[in-house]
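Some notes on the structure that comes next.
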Amino acid sequence: MPGDISLVEIMKLVGTEIGVSDWITVDQTMIDTFADATLDHQFIHVDPERAKAETPYGGTIAHGFLTLSLLSAMNYSGLPKIREQTMGINYGFEKIRFMSPVKCGARVRGHFTLAETRLRGANMLMLTYDVTVEIENERKPALTATWTTISQFDPKDRPEES
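Residues 1 to 162, numbered by UniProt numbering, are exactly what the sequence shown covers, in order.
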């Protein structure tokens, strides 16, 4: 579905899968960079030899929070752009579950179902998504989450409430 969509149009899509992101490869460089940024250097993430020898994963795995943070990129590639939007804001999560590890070298992508929309104030639309991060060729997803964002727009563009 990516492309442009109006505020009125997106509000009518509650209950619909409105986007699937591009695939993202989670490689060791990405994992190591995330480890450096978050100071989380646990061996299961940053030591391929030890992870291969001491874990059931056959090598390193991505941090769960790395996979979660990729939702921002998945949002950009997978969701339609709201024409009236002047700024997007991450509001937060109601529920996050890390279902399966993302092995180094795996590809992941996000599936976004619009669960709820709510006008807030004169210039904001809250959008809540049920998100699943799929791991290519795996039965179980990497994670599931309920994610709320805010689309800010000029008050003159505010749709009528129905």
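The C-beta atom is built at its ideal place from N, Cα and C for all residues, glycine as well. None of these values were measured; they are calculated from a predicted model.
From Tyr57, Lys81, Ile5 and Phe34, residue whose alpha carbon lies closest to that of Thr67: Per the Cα distances, Phe34.
Does DSSP put Gly110 in a helix, in a strand, or in coil? Under the three-state reduction of DSSP, Gly110 is assigned to strand.
Residue nearest to Ile31 in terms of C-alpha spacing, selected from Phe65, Ala73 and Val133: By alpha-carbon distance to Ile31, the top candidate from Phe65, Ala73 and Val133 is Phe65.
Using alpha carbons as the reference points, say which of Ala115, Leu143, Phe93 and Glu54 lies closest to Val14. The shortest C-alpha to C-alpha distance from Val14 to any of Ala115, Leu143, Phe93 and Glu54 is the one to Ala115.
Return the bridge partner residues of Trp23 from the DSSP annotation. Answer is none; Trp23 lacks a bridge partner.
Would you mind sorting Met74 into buried or exposed? The rule is 16 or more other CB atoms within 10 Å of its CB. That one is buried.
8 Å contact criterion, which Ala106 and Val26 should meet: CB distance rounded: Between Ala106 and Val26, the beta carbon gap of about 6 Å places them in contact (Cβ cut-off 8 Å).
Going straight from the alpha carbon of Pro56 to that of Asp36, what length do you get? Our two residues, Pro56 and Asp36, have alpha carbons roughly 24 Å apart in a direct line.
Same chain, Cβ closer than 7 Å to Arg118, neighbours up to 5 away in sequence not counted: Result list for Arg118: Met126, in chain order.
Using a Cβ distance threshold of 8 Å, determine whether the region 148-157 contacts the region 95-105, with at least three qualifying pairs required. Short answer: they don't touch.
In angstroms, rounded to a whole number, what distance separates the CA positions of Thr86 and Met124? A direct Cα-to-Cα measurement between Thr86 and Met124 gives close to 10 Å.
When you compare only the Cα positions, how much space is there between Ser100 and Ala142? Those two C-alpha atoms are separated by around 5 Å.
Determine the contact status of Ile10 and Arg109, defining contact as a CB-CB distance below 8 Å. Here Ile10 is not near Arg109, since their CB atoms are 8 Å or more apart.
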